[in-house]
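K.L.:
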Amino acid sequence: MKPDSFERNQALASEFVVGTLQGAARKRFERWMMESPRLRRQVWYWERRLEPFNSSLPETEPPPALWNAIESRLFPAPPQATSERGFGLSFWRWTASLAMAAVLALLVWTPLPSQPASGLVAVVQSEQAQPLWVMNASAGDHSLTLKSLPPVAAGTDQDYELWLLSESGVPISLTVLPTEGAELRITLNDEQVRELLKSRSLAISLEPKGGSPTGQPTGPVVYQSQLVEM
28 MKPDSFERNQ ALASEFVVGT LQGAARKRFE RWMMESPRLR RQVWYWERRL
78 EPFNSSLPET EPPPALWNAI ESRLFPAPPQ ATSERGFGLS FWRWTASLAM
128 AAVLALLVWT PLPSQPASGL VAVVQSEQAQ PLWVMNASAG DHSLTLKSLP
178 PVAAGTDQDY ELWLLSESGV PISLTVLPTE GAELRITLND EQVRELLKSR
228 SLAISLEPKG GSPTGQPTGP VVYQSQLVEM
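Going by my numbering, the first residue of the sequence shown is number 28, and it counts up by one from there.
#1: Sort P90, T214, V44, M61 by Cα distance to W71 and report the nearest one.
#2: E188 and L204 look like a contact to me (Cβ under 8 Å); what is the Cβ gap, rounded to whole Å?
#3: Hey, could you find the ends of the beta strand (DSSP E) Q253 is sitting in?
#4: Within the same chain, show all residues whose beta-carbon is closer than 8 Å to that of L133, passing over the 5 residues directly before and after it, in chain order.
#5: Assess contact between the region 177 to 191 and the region 226 to 240, defined as three or more Cβ pairs (one per stretch) separated by less than 8 Å. Is contact present?
#6: Mark A52 as exposed unless 16 or more other C-beta atoms lie within 10 angstroms of its C-beta, in which case mark it buried.
#7: Among R35, D217, K54, Q69, which has the Cα closest to the Cα of L171?
#8: Go ahead and label V150 buried or exposed: buried means 16 or more other beta carbons lie within 10 angstroms of its beta carbon, across all protein chains shown.
#9: If you pair each beta-carbon of the region 157 to 166 with each one of the region 190 to 199, do three or more pairs fall below 8 Å?
#10: Which term fits S141, buried or exposed, when burial requires 16 or more other beta carbons within 10 angstroms of its beta carbon?
#11: How would you label A40, buried or exposed, when you count the other beta carbons within 10 angstroms and need 16 or more for buried?
#12: DSSP three-state call for N216: helix, strand or coil?
#13: By a C-beta neighbour count over all protein chains shown, 10 Å radius and 16 as the cutoff for buried, is S263 buried or exposed?
#14: Excluding the 5 residues preceding and the 5 following L176 in the sequence, name in chain order all residues of the same chain whose CB lies nearer than 8 Å to its CB.
#15: Which residue comes first and which comes last in the alpha helix (DSSP H) that contains V203?
#16: How long is the line joining the alpha carbons of G242 and Q185, rounded to whole angstroms?
#17: In whole angstroms, what separates the C-alpha of P143 from that of Q49?
#18: Check S141 in the structure and name its three-state DSSP category.
#19: Less than 8 Å between the CB atoms is what I'm expecting for L147 and L254, so what's the real figure, rounded?
#20: Could you tell me which residues DSSP puts in a beta bridge with Q185?
#21: Can you tell me the Cβ-Cβ gap for T202 and L211, rounded? I've got them flagged as a contact below 8 Å.
#22: Between Q37 and Q69, what straight-line distance do the alpha-carbon atoms span, to the nearest angstrom?
#23: Going by the DSSP bridge assignment, what does E210 pair with across the sheet?
Structure follows, in structure tokens:
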């Protein structure tokens with residue numbers, strides 16, 4: 028599905044820049060970006076917004092072992108010549124043919140991996156349009172990934188708690204949100220996945236440390252967002 032709304036463009040562009048948009052979804056977005064100047068502007072916007080956070084990260088050097096591994100894969104050592112003839116050469120030819128037949132049989136009978144299902148993404152922003160959290164939901168594996176972009180402080184003895192606003196009107200607690208640029212991945216149960224796919228509405232409340240003691244919001248709702256399709 029191609030992006031067709033400002034909200035979806037914003038969400039996908041932020042996921043692309045942050046790096047959480049991966050696999051087939053990222054390749055599709057790259058193709059759409061080549062066709063759409065509007066998408067390119069959205070990506071440029073998020074690159075400018077997130078550049079201060081990227082600049083604040085310390086530089087890291089890859090370990091020498093990594094470079095050695097890359098070089099060995101790019102420039103493998105040539106195979107050593109052998110002077111064996113006769114039966115030995117015939118034996119190795121027969122063995123290689125048998126191995127090739129096994130590989131071909133494996134390719135024929137091994138089913139191709141299924142394409143990953145498209146997910147849902149949401150970006151929570153402050154009143155000043157500053158991105159605070161990026162959320163990526165996948166119904167295929169019942170996962171919800173949450174990434175805090177800048178350091179987000181809830182205050183002493185307080186936490187931000189994420190709620191799913193169900194169609195029945197009863198909020199469903201999902202998790203306490205990460206802060207300080209951290210990333211969290213949680214697994215949703217079947218009921219949460221069903222409600223998430225129907226409602227797609229999220230809210231964040233300010234709660235005591237560790238989350239609401241009652242299972243329902245006890246503090247003010249400070250942010251809201253909507254999940255959109257990738």
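Ideal Cβ positions, reconstructed from N, Cα and C, are used throughout, including at glycine.
P.N.:
Here's the rundown:
#1: V44
#2: With a Cβ gap of about 7 Å, E188 and L204 count as contacting.
#3: 248 to 253
#4: With a pLDDT of 45 at L133, under the threshold of 50, the modelled position of this residue cannot be trusted; read the value that follows with caution. Within the same chain, L133 has no close Cβ partners at all.
#5: yes
#6: buried
#7: D217
#8: buried
#9: no
#10: Its pLDDT being 39, under 50, S141 is placed unreliably by the model, and nothing is read from it.
#11: Residue burial annotation: A40 is buried, with at least 16 other C-beta atoms found within 10 angstroms of its C-beta.
#12: coil
#13: The chain is shown only over 28 to 257; residue 263 falls outside these bounds and no answer can be derived.
#14: V45, L77, F80, P158, L159, W160, V161, G208
#15: From DSSP, V203 is part of no alpha helix (DSSP H) but of the beta strand (DSSP E) over 198 to 203.
#16: Those two C-alpha atoms are separated by around 16 Å.
#17: Confidence at P143 is low in this model, with a pLDDT of 40, below 50, so its placement is unreliable and no value can be given for it.
#18: Note that S141 scores a pLDDT of 39, beneath 50, so its modelled location is shaky and nothing firm can be said.
#19: 4 Å
#20: P235
#21: 7 Å
#22: 6 Å
#23: K174
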